[in-house]
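In what follows, a structure is listed as structure tokens, so that the remarks can point back to it.
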Amino acid sequence: MNGPDEWDGRELPGSPGERPRIPSPRSAAEDHGPLPDTPPMPVHDPVSDTVGTLPDTGPGSEPPAAPLPVPDPDPAPPHRILKSLLGAWALSACSAEETAAVEAHLTDCASCADEALRLRDAVGLLHPADSLDLDPLLRSRVLEGCLGRRPARIPVPDWASPYDAETAKLDALLRDMGEAEWRAPVRLRWFEGERPVERETTVAGVMGHLMAVDGLVATALGLTDPLGTAAPPGAPDPLIRTETFWRAADEKQNPLAIHAPWRDQSYALMRQVSFAGSRVAELAVPYGDFRLALRDSFLDRAFECWVHAGDIAEAVDYPYVPPAAGHLHQMVDLAARLLPSALADRRRAGLAAPPQRLVEAGAPGRTLHLEVEGNGGGHWYIALDSPAALGTPDRTVAHIALDSAEFCQLAAGHISPEEAAAGQDGERDAIRDVLFATASLSRL
Numbered sequence: 003m004n005g006p007d008e009w010d011g012r013e014l015p016g017s018p019g020e021r022p023r024i025p026s027p028r029s030a031a032e033d034h035g036p037l038p039d040t041p042p043m044p045v046h047d048p049v050s051d052t053v054g055t056l057p058d059t060g061p062g063s064e065p066p067a068a069p070l071p072v073p074d075p076d077p078a079p080p081h082r083i084l085k086s087l088l089g090a091w092a093l094s095a096c097s098a099e100e101t102a103a104v105e106a107h108l109t110d111c112a113s114c115a116d117e118a119l120r121l122r123d124a125v126g127l128l129h130p131a132d133s134l135d136l137d138p139l140l141r142s143r144v145l146e147g148c149l150g151r152r153p154a155r156i157p158v159p160d161w162a163s164p165y166d167a168e169t170a171k172l173d174a175l176l177r178d179m180g181e182a183e184w185r186a187p188v189r190l191r192w193f194e195g196e197r198p199v200e201r202e203t204t205v206a207g208v209m210g211h212l213m214a215v216d217g218l219v220a221t222a223l224g225l226t227d228p229l230g231t232a233a234p235p236g237a238p239d240p241l242i243r244t245e246t247f248w249r250a251a252d253e254k255q256n257p258l259a260i261h262a263p264w265r266d267q268s269y270a271l272m273r274q275v276s277f278a279g280s281r282v283a284e285l286a287v288p289y290g291d292f293r294l295a296l297r298d299s300f301l302d303r304a305f306e307c308w309v310h311a312g313d314i315a316e317a318v319d320y321p322y323v324p325p326a327a328g329h330l331h332q333m334v335d336l337a338a339r340l341l342p343s344a345l346a347d348r349r350r351a352g353l354a355a356p357p358q359r360l361v362e363a364g365a366p367g368r369t370l371h372l373e374v375e376g377n378g379g380g381h382w383y384i385a386l387d388s389p390a391a392l393g394t395p396d397r398t399v400a401h402i403a404l405d406s407a408e409f410c411q412l413a414a415g416h417i418s419p420e421e422a423a424a425g426q427d428g429e430r431d432a433i434r435d436v437l438f439a440t441a442s443l444s445r446l
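Quick note: the sequence shown uses this note's numbering, first residue 3, plus one each step.
And the structure:
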């Protein structure tokens, strides 16, 4: 029996069982006629920078053909590619070569040039040079411009304007915060006696504190007490009211729920004093063991709003600006006017040196010159011997110079009297007593 690769001669060519055969060798090319002429070899002409061919110098040769032009080694990309690069070009994301090609194309293609301008304008909106946050003082400037053209029929009292501006700034900060930021820990600081005190709460806790103490002003004006039936009886002490509000707060409640009631209360306060007019300016507002006139109470609440808004901004890493210079001056003026009474309270508590002599009410006595520099600053003359005495330049026995920001930090209890970098001159005991009296103005 034959093997698989052996042919027995029975499978004839053309039969159905014919096996594929290995093709026979090809015939040589020259067996089919003369070979064609070899094409001339190209040669580069260094003079004309063209590519040509060596002339055929043989018999019967034809004249040499014209030299071929050299193709552009870097041809410009087609229109569709350059158009697709416009977005990247507007974002400055193209390579140097792509940028050059696109900009060269824009000089010749009007449609792409228009599209490029639109894209560049859009990129300018995507990458603003300044923060998208509104200027906290924008509201005040807009209102001032509007009122300059058309005075309000019922204007806001000047002494209430700082409270209006500071609550608006804090409201803008709160609107930018999410629920997690409302639960951020906030460190509250103030000064008691001879030492600083701290208390930790949350952003929601700070807002509850502000609303509870602002409620003292609200009830004095006949508005609803935010504590409702939970308001503590007896003297309306700010600390007791705050702790009452914190105890009543539901830990499971959304912390953002405090925002709307606080904002509505601040609006109601502004409406009430605007409609009441100047006759309510001297209305007494009780603060536990002392009282303030309503005009001073609004300045006090504006100062507290600014200080605690700064505490919140620090906790959530948010930029915050101080009050306008005119408003800050009113707040500093209030603190300076309260210093004689604060100094007398410390004397009664044995925390300050006794007065050197008795002074009749309204009579000039020993005086400390308080100089507050910077925005909102000025000069005040503080009576040292009695709250009813008159401080005068000719009775000055000591001088303190402080930056306005540092004075406010001291009055807020955020720095201690020893830390205040004050320029000091004169009686050392008087200077120390006034610095500690300034820190004692702070409270929760």
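Glycine included, every Cβ here is placed at the ideal spot set by N, Cα and C.
These numbers were taken from a predicted model, which means no experiment stands behind them.
Segment contact: the region 371 to 390 against the region 399 to 414, three or more CB-CB distances shorter than 8 Å; contact assigned. With a cutoff of 8 Å on beta-carbon distance, alanine 283 and leucine 225 are scored as not near each other. Sequence-distant Cβ neighbours of serine 343 in its own chain, meaning closer than 7 Å and more than five residues away, are Pro389.
Taken through DSSP and simplified to helix, strand or coil, glycine 147 comes out as helix.
By the CB criterion at 8 Å, alanine 98 and alanine 118 fall outside the cutoff. Here glutamine 332 is buried, its C-beta having at least 16 other C-beta atoms within 10 Å. Taken atom to atom, the span from the alpha-carbon of glycine 393 to that of glycine 328 is near 24 Å. Boundaries of the beta strand (DSSP E) around tryptophan 382: 380 to 385.
Here histidine 261 is buried, its C-beta having at least 16 other C-beta atoms within 10 Å. In this structure, valine 215 and proline 240 form a Cβ contact; the two beta carbons are roughly 5 Å apart against a cut-off of 8 Å.
With contacts defined by Cβ atoms closer than 8 Å, glutamate 196 and leucine 353 form a contacting pair. The C-alpha of glycine 428 is placed about 15 Å away from the C-alpha of glycine 367. With a threshold of 16 other beta carbon atoms within 10 Å, aspartate 302 meets it and is buried.
In terms of Cα proximity to valine 208, the closest of Pro257, Thr440, Ala112 is Pro257. Distance from the Cα of alanine 222 is smallest, within the candidate group Leu294, Lys171, Ala363, Thr204, for Leu294. Per DSSP, the continuous alpha helix (DSSP H) segment holding proline 263 begins and ends at 261 to 278. Taking a 10 Å sphere around the C-beta of proline 228, we find 16 or more other C-beta atoms and assign the residue as buried. Rounded to whole angstroms, isoleucine 433 and alanine 422 show a C-alpha spacing of 12 Å. With fewer than three CB-CB distances shorter than 8 Å, the region 244 to 255 does not count as touching the region 305 to 319.
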